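What follows is a single structure, written as structure tokens, with notes after it.
Residue numbers (the numbering used here): 80 to 211.
Spelled out as structure tokens, the structure:
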């Protein structure tokens, strides 16, 4: 939970735990296949805190899944503007761009790939090793 979200949530009379519960509810709806419900909650969270890159990225992923590609790219753009290290937004925006023939998608994927930590890379290598 970002500090900004806690402050804005409190300004609206919502505790940090309640704000986190909203985020969890959005992901629960997403897991249950209720994309429209997830969009409503993610959008509401962004009213409380428009500076949450992770929520912008998650909203973009849901919109992407719904085929709302222009809106999805705008959400990814905002997530990346707020936090250039957001791998979810970089990967998904790269995929979206490449599918429509925009070579700029390669840049997003290269940046995202560079963000993989050594421990994440080790986990990937171990999975490949033990899968043999």
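For glycine and all other residues, C-beta sits at the position ideal for the given N, C-alpha and C. In this text the structure is predicted, and so the values were computed from the model without any measurement.
If you ignore the 5 residues before and after residue 164, its C-beta comes within less than 7 Å of the C-beta of 194, all in its own chain and listed in chain order.
For residue 111 and residue 104, the gap between their C-alpha atoms comes out near 10 Å. Beyond the five residues adjoining it in sequence on each side, residue 158 comes within less than 7 Å, by CB distance, of 132, 135, 136, 139, 165 and 168 in the same chain, given in chain order. Exposed is the label assigned to residue 204, since fewer than 16 other Cβ atoms lie within 10 Å of its Cβ. For the pair residue 211 and residue 116, the Cα-to-Cα distance works out to about 41 Å. Counting C-beta atoms within 10 angstroms of its own C-beta, residue 119 has fewer than 16 neighbours from the protein chains shown and is therefore classed as exposed.
The beta-carbon separation of residue 127 and residue 98, rounded to 7 Å, stays under the 8 Å limit for a contact.
DSSP places residue 102 in the helix class (H, G or I) of the three-state scheme.
Setting aside the 5 residues that flank it on each side, residue 191 is surrounded in the same chain by 166, 169, 170 and 173, each with a C-beta closer than 7 Å to its C-beta; the list follows chain order. Note that the C-beta distance between residue 114 and residue 143 is not below 8 Å.
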